[in-house]
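See below for the structure under consideration.
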Amino acid sequence: MKYPVPLLILLVTIVHSSSAKCIEDELPITFSNSTVNAPLYCPIARDCKAWLAAGVNKSGIYPVKPDNGTGFQVYCDMETDGGGWTVFQRRVDDSVDFNRNWADYEEGFGDLKGNYWLGLANIHRLTPTDDSSLRIELGDFEGNKRFAKYTQFQVLDANIQYALIVQGYGGDANDSFSGHSLMKFSTKDRDNDIHPDPAYSCAAYHQSGWWYHGCYNSNLNAPYYNNPT
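Residue numbering for the sequence shown is -20 to -1, 1 to 209, as defined by mature numbering (1 follows the signal peptide of the UniProt record, and there is no 0).
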């Protein structure tokens, strides 16, 4: 069974860190349409895994603070595969354009309640080492679902153009992501791919930012098409 990008109706990319550290700070938490303060025992956790370790088990929007920088909000999946997953990319329809420039991909865009990209800078902060794991969930218009899981995942810093480290595949979807490991991130206005034609921009041609080689085995940010035929 194939899951080409044009048929995607559900796409969630989530990361699981190895730590569970609380940070002394405060931001609101959102469950559906209500907003509450963070529990006193963990004002801001490092990531969703830390929230889970602190006893929070409901999926929703939570504040996180992976380091000494400014905290930010993420969507935490507390149900899939044991919970504690920090969702950094999700696409369920075509309402958000993923053909963005470098600044947008670095900062992030979209809506945490729907389609979004968390931002390369934040993904890097969540994965400072390669001991985080990655889970990718895929679905088609017929309701079929598959997943791929990687035991090692890291996005390096801006000085290395947010290069990707990913390995240790498992799951029931094909492994089409490991081949992108060590690739730098590219957008239509910043070509870091290794296509043999230096004048060819994978990101510009395929209308999306991604860790292209020349060009891709998989591209979860490619144009989203609603027509299943």
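We treat Cβ as the ideally placed atom computed from N, Cα and C, and that holds for glycine.
Taken in chain order, the complete alpha helix (DSSP H) segments of 4 residues or longer contained in the region 61 to 138 are 82 to 87 and 100 to 106. Taking the C-beta atoms as reference points, residue 99 is found no nearer than 8 angstroms to residue 129.
Scanning the region 156 to 184 from its first residue to its last, no whole alpha helix (DSSP H) run of 4-plus residues comes out.
From the listed residues 144, 204, 42 and 31, the smallest Cα separation to residue 104 is found for 144. Take residue 161, set aside five residues on each side of it, and the residues of its chain with a beta-carbon closer than 7 angstroms to its own are 144, 145, 146 and 147, in chain order. In this structure, 97 is the residue among 97, 78 and 79 with its C-alpha nearest to the C-alpha of residue 87. Judged by DSSP in its simplified three-state form, residue 25 adopts strand.
If you look at residue 42, you'll find it in the beta strand (DSSP E) that goes 40 to 44. By the Cβ neighbour-count rule, residue 38 is exposed, with fewer than 16 other Cβ atoms within 10 Å of its own.
Two segments are said to touch when three or more pairs of C-beta atoms, one from each, lie closer than 8 angstroms; by this definition the region 109 to 122 does not touch the region 88 to 95. Annotation: residue 126 to residue 191 spans about 22 angstroms, alpha carbon to alpha carbon. DSSP, reduced to helix, strand and coil, places residue 144 within a strand of the structure shown.
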